[in-house]
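Chains as they are written, first to last, in our numbering: chain A, 16 to 354; chain B, 16 to 354; chain C, 16 to 354; chain D, 16 to 354.
Taking it in order: structure first as structure tokens, then the write-up.
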């Protein structure tokens, strides 16, 4: 992810240490200065996100990275960045919660990432990698989408992905990312008559209404960026919906289920926001039943149920606290649902 | 609300100023010391919520109050308090967002309050007053429920309620609130062999799983506390679902609609978490159509749709940025839905 | 010291833990709430001193306690309190510095305490205890003097005194401290036409000059509070000047020196500010030579030299880093100076 | 000063705004990034000095700039930097104190700069410019001396110098500053067997004593860097000692006095630490009387008195609160002292 951020044109990283994502700042602390870019360990996560806010306002590709409790400290700043219509990247390598919890993997921050952990009607683009290859590729994609829609992007990974070693294709000379022009940035007048102002304060209620309507239009346009991955879905009698590391477990479970004669398919949301509701609805209706697997008490399952809207049954299987279910256990649940 | 907090046995208030809720700390700064209780203006909202955490751990009835951006700063602390299974009260007098936004009323923080603005699988009890009488009564109720379930409670009000003047019955001598015994509190050994420890850190994943299962059981038990208010629902051909100040507008709109021959009814969730899903499902199915009205781009509407689960159509009407729709406008929307 | 603070009428304690003074907040955290007084562990030392500032402005007897690094964080706040002419008590149980240093005893913060560690022309009353009895008595005295002169008072102790156990007379029922009326306090109008304002901001330079002249007049008046202790000074051929724990070592050294035929005397400043310059000058001139002993590289020695002003030789003997010289070593130095 | 910092090889600037020094960060915020160097507005002065600490540990030429209250917030960090034996540059453009005071010029922070505003036995090299030329030249000199002695350097200016416009010679292509090698820096192993550690924590008292003795030896060696400026001192019957803007006033006053037949001379300390004690003693003794002029209640006067040590009379003339005495007024004081 650190190398992907560099390849993706990250100009500035601001962060504060927390397990299980310390490898990201560790690598960037060495690699960013070598390239004349900024790495800064801030005083706290509150400081980090506000430095991201400032650098993003100045037109920089700015990012921070943390894990669950640290990301919670960023909720005010994230809402400010969204309100000010600025692009940036926030990485959350989720650990078990709530509270300090543990440093083991979890998917308990889906609601925070996708429903607005901060205040007000805003959204981040949320990307969920499931292997090291995507961990490398997604920072660049996240910066690109964030710039396109002038909104924060989030990568929602977990402690397994944060510690995983596996082969990935990393180009020797990654293509140089060329951010779009940012005429709104507070990077000096550049010959204009007036200076740019970046702000999230809109005192007049009618102006704030219009501002919110603009944001909502952006979120509508953003729907075209929805991404998902489907496997064994053509003939599925049950479709499993899972993201990130849970999707890897679910894919193995689908294969096991097919060995046992149950035609299980998988839909893996790659973008959690915008959510691939239409694809899930179609595949789900065709299969006739849906099982959502998460490392939580059930968060994404709500978006799946909203997508299905009562058309077919939606079951849930989850595990919490950093315990990973085995493919066998997930397979048994799949079989149980069908029979 | 300030007087209600005092009557409700609030021992300690920690907060930081923000409009439109400054009347709460202003009054408490005078009234709490007079009663030998603690009022403290903290360095920041981050400090406030952590002081609430500490006081709650020591068995005190502790509260803080803020408005949207300030509440976002409390998300880490709130998750810690939930993880540590501590009772407390957080008041959010919502203003228009995202970001600094404005100081006008809004309901844009429903997701944050009800879906977990902080990290991890946790919930607060969320109460939504709609008049000054409930503003007075809810702090006591919130403390009582928080103590019963050892979880944070939140009162989700808005800028209109924060500024509203209207008659309310306030007892001359409010009944003295008697909190339950708190044998878990870190208030000294009190003759026990070992000291109590309050923490949200559970390093072992299997212990953290068990801890999370306990939390989920608590959230199940909590469902019995669901509260709602229904008006004109017996013969309704359309049911409006709204909370807080939007419900007052909606009630006026229902009356206007009935004058125009449309039998509109209202269901007002009083507890937003636990959510009155069953009542809404029953009333909604009976009426045949549902309209959700919120001062947001549509947040509670997801919980209504999850409750209805496709059984009948669910429409949404919202306004953002601190602009209040008139009862006439809501009435027109009601009529439009039916015809 | 904690018991002395209670007996001295301390209304509020704000602090943050640091060795070697943790016994003070530990005891007060239990004892203050029992008496309906405030104990609060703040977010940081910066927060602590600003809470002291606020409580002092409201007329409370407010204190904080820390050790060297923590006290350095209070320098801005202390200057504000001095500028706003407010009474308060700051305790510094000095440890070895600079930086984190160690937790061993030191007297390296004399300059900070007496010359103005914060910015601007201000002074604190600085008291230096040398045994547990004075540790108990000085908080009350400090509050009394601070109230009288409306200035911060500091108790400058060290890590030995912070850990020392020895008999002290503590009255069963200490006399109730009755602070003077504080008509300037921001405790409400109390029938006056206008509210009090407490501030350290004086924008107009001529007003700020007058304000500073007032402060200087206060520091002049304060000179009458100078306190010192003299032993064996009548016939001394050399006078040792030392304060705090160094004075105990020095007293033993004087006795040893007299056994060896050197008539050594001791002057122990009890108030470091105001400094007992006149007493030291008189005793020093009479003896003909002076030796200053400090647990530092030589800080108070400057005030002794300013007092003596070249009249007789002033030597210095110091130790740093938490190492205490033995009475033998100090005695040898005394003898060496005379012969 | 900003241009001088760039010419002096400043790699990183960290700061927080405060009048009257905002021109420094304003210019550096534009000029540093253009050169691939770091400018960062931190969350607070506490954050600023700790970022300076970190960057200095990594071998960078790091600086911060502030005014009196902001500098007080840096006292803990400064003591850490001194304890860790790191070079850095702190600029204080003094304003009237204590507390918030005003934004007018002052010299009230001499004690803080020269006697150790932070805790423990440490010193900064302190340079006092008196015109724009020195404002330009001193950052480079400060970095050079700081690197040589591995200690913090401070430039102690004032609000007049902060706002003054006058001609200065600034080379078109300033000589490139080449800092010495820093084999102690935490910039990677660079082929060594072990990593460098930078710390100010020395738990063992005997080690901390040795560490302090090393520091004191450094301060002894540093005495060779003492710098002063003397005018009309050969035949002076009274010598005025003043630094910074007060020295400019004093020089004019000396000229006026000579017009009136009083042979006044001037000694201007350029380094406040190390202090030109020997020069002042010699010139003072020769002249027979000394007058110290400061924009304070009298702080440097103590160092002058310690230098003179009673040999000749030392008088003081000061003004406080941002009011500048006129050369006429100073001249009158000179004349009064002589007659």
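The beta carbon of each residue, even a glycine, is placed where N, CA and C say it ideally should be.
Keep in mind that this is a model prediction, so the values were computed, not measured.
Endpoints, alpha helix (DSSP H) assigned at residue 225(B): As a working note, residue 225(B) is residue 210 in the second chain. Element bounds for residue 225(B): 220-237.
Sheet register partners of residue 167(B) (DSSP bridge): The residue given as residue 167(B) occupies position 152 in the second chain. Bridge partners of residue 167(B): 103(B).
DSSP state of residue 271(D) mapped onto helix, strand, coil: Position 256 of the fourth chain, counted from the first residue, corresponds to residue 271(D). Helix at residue 271(D).
Terminal residues of the beta strand (DSSP E) in which residue 292(D) lies: What you label residue 292(D) is simply residue 277 of the fourth chain in a count that begins at 1. Not the beta strand (DSSP E): residue 292(D) falls in the alpha helix (DSSP H), residues 292-302.
8 Å contact criterion, which residue 233(B) and residue 164(B) should meet: CB distance rounded: Looking up residue 233(B) in the second chain gives position 218. Looking up residue 164(B) in the second chain gives position 149. Rounded, the Cβ-Cβ distance is 6 Å, consistent with contact.
Own chain, CB closer than 7 Å to residue 134(A), minus 5 neighbours either side, in chain order: One-based indexing of the first chain puts residue 134(A) at position 119. The residues are 94.
Where residue 61(D) meets chain C, residues with beta-carbon distance less than 7 Å: Counting from 1 along the fourth chain, the entry for residue 61(D) is found at position 46. Near residue 61(D) (Cβ distances below 7 Å), the residues of chain C are 61.
Euclidean distance between Cα positions of residue 186(C) and residue 151(C): As a position in the third chain, residue 186(C) is number 171, starting the count at 1. As a position in the third chain, residue 151(C) is number 136, starting the count at 1. In a straight line, the C-alpha of residue 186(C) is about 11 Å away from that of residue 151(C).
Residue 259(D) - DSSP class collapsed to helix/strand/coil: Counted from its first residue, the fourth chain places residue 259(D) at position 244. Residue state, collapsed to three classes: helix.
Residue environment, residue 288(C), which counts as buried when at least 16 other CB atoms sit within 10 Å: On the third chain, position 273 is the one that residue 288(C) refers to. It counts as buried.
Contact between the segment 70-88 of chain D and the segment 121-132 of chain D (3+ Cβ pairs under 8 Å): yes
Closer than 8 Å to chain C by CB, residue 232(D): The sequence position of residue 232(D) within the fourth chain is 217, counting from 1. Output row for residue 232(D): interface = no.
7 Å Cβ shell around residue 71(C) - same chain, five flanking residues per side excluded: Translated into positions along the third chain, residue 71(C) becomes position 56. Excluding residues within five positions, the ones whose Cβ falls inside 7 Å are 77, 96, 101, 102 and 103.
Any chain C beta carbon closer than 8 Å to residue 94(D): As a position in the fourth chain, residue 94(D) is number 79, starting the count at 1. It does; some Cβ of chain C falls within 8 Å.
Own chain residues within Cβ distance below 8 Å of residue 319(A), not counting five before or after: For this step, residue 319(A) is matched to residue 304 along the first chain. Only 256, 295, 299, 305, 307 and 329 meet the Cβ criterion.
Enclosing alpha helix (DSSP H) for residue 44(A) [first to last residue]: Within the first chain, the letter at position 29 stands for residue 44(A). That run of the alpha helix (DSSP H) goes 38-49.
CB contact check: residue 28(D) to chain C, cutoff 8 Å: Reading the fourth chain from its first residue, position 13 is the one you call residue 28(D). So, not an interface residue.
Short Cβ contact (8 Å threshold) for residue 57(C) with residue 66(C): Mapped onto the third chain, residue 57(C) falls at position 42. Mapped onto the third chain, residue 66(C) falls at position 51. A contact, by the Cβ cut-off of 8 Å.
N-terminal and C-terminal residue of the beta strand (DSSP E) that residue 77(C) is part of: Stepping through the third chain from its first residue, residue 77(C) is reached at position 62. Segment 77-81, the beta strand (DSSP E) holding residue 77(C).
Separation of residue 128(D) from residue 205(A), as counted between CA atoms: On the first chain, position 190 is the one that residue 205(A) refers to. On the fourth chain, position 113 is the one that residue 128(D) refers to. Near 41 Å, if we compare the C-alpha coordinates of residue 128(D) and residue 205(A).
Residue 66(D), DSSP secondary structure in three states: Mapped onto the fourth chain, residue 66(D) falls at position 51. Helix.
Per-residue DSSP class, three states only, for residue 241(D): By 1-based counting over the fourth chain, the position of residue 241(D) is 226. In this structure, residue 241(D) counts as coil in the three-state DSSP scheme.
Sufficient close CB pairs (3 or more, under 8 Å) joining the segment 188-198 of chain B to the segment 269-289 of chain B: no
Test: residue 164(B) CB closer than 8 Å to a CB of chain A: Numbered from its first residue, the second chain carries residue 164(B) at position 149. No, because no Cβ of chain A sits closer than 8 Å to the Cβ of residue 164(B).
Beta carbon proximity, residue 223(D) to chain C, threshold 8 Å: The residue given as residue 223(D) occupies position 208 in the fourth chain. Yes, residue 223(D) lies at the interface with chain C (some Cβ there is under 8 Å from its Cβ).
Residue closest to residue 274(C), alpha-carbon to alpha-carbon, out of 34(C), 286(C), 209(C) and 247(C): Locating residue 274(C) in the third chain gives position 259, where the first residue counts as 1. Considering only alpha carbons, the answer is 247(C).
Residues that residue 197(D) contacts on chain C, provided the C-beta gap is smaller than 7 Å: The residue given as residue 197(D) occupies position 182 in the fourth chain. What residue 197(D) touches in chain C: nothing, since even the nearest Cβ is about 19 Å away.
8 Å CB neighbourhood of residue 286(C) in its chain, flanking five on each side removed: Taking the third chain and counting its residues from 1, the one referred to as residue 286(C) is at position 271. Excluding residues within five positions, the ones whose Cβ falls inside 8 Å are 140, 141, 142, 143, 240, 241, 242 and 243.
Cut-off 7 Å between Cβ atoms - residues of its own chain near residue 82(B), not counting five sequence neighbours on either side: For the purposes of this step, residue 82(B) is taken as residue 67 along the second chain, with counting starting at 1. 33, 34, 35, 36, 107, 108, 109 and 110.
For residue 322(D), the first and last residue of its enclosing alpha helix (DSSP H): Taking the first residue of the fourth chain as 1, we reach residue 322(D) at position 307. Residue 322(D) -> alpha helix (DSSP H) spans 315-323.
Short Cβ contact (8 Å threshold) for residue 191(D) with residue 99(D): Against the fourth chain, residue 191(D) aligns to sequence position 176. Against the fourth chain, residue 99(D) aligns to sequence position 84. Taking 8 Å as the Cβ cut-off, residue 191(D) and residue 99(D) do not qualify as a contacting pair.
Test: residue 113(A) CB closer than 8 Å to a CB of chain B: In the first chain, the residue the question calls residue 113(A) occupies position 98. Closer than 8 Å to some Cβ of chain B, the Cβ of residue 113(A) qualifies, so yes.
For residue 9(B), the three-state DSSP class (helix, strand or coil): Residue 9(B) lies beyond the range of chain B shown here (16 to 354); nothing can be said about it.
Beta carbon proximity, residue 341(A) to chain B, threshold 8 Å: Taking the first chain and counting its residues from 1, the one referred to as residue 341(A) is at position 326. No, residue 341(A) does not count as interfacial toward chain B.
Residue 334(C) CB to nearest heavy atom of the ligand COA below 7 Å: Ligands are entirely absent from the displayed structure, and the ligand COA is therefore not among its contents.
Contact between the segment 112-129 of chain C and the segment 215-234 of chain C (3+ Cβ pairs under 8 Å): no
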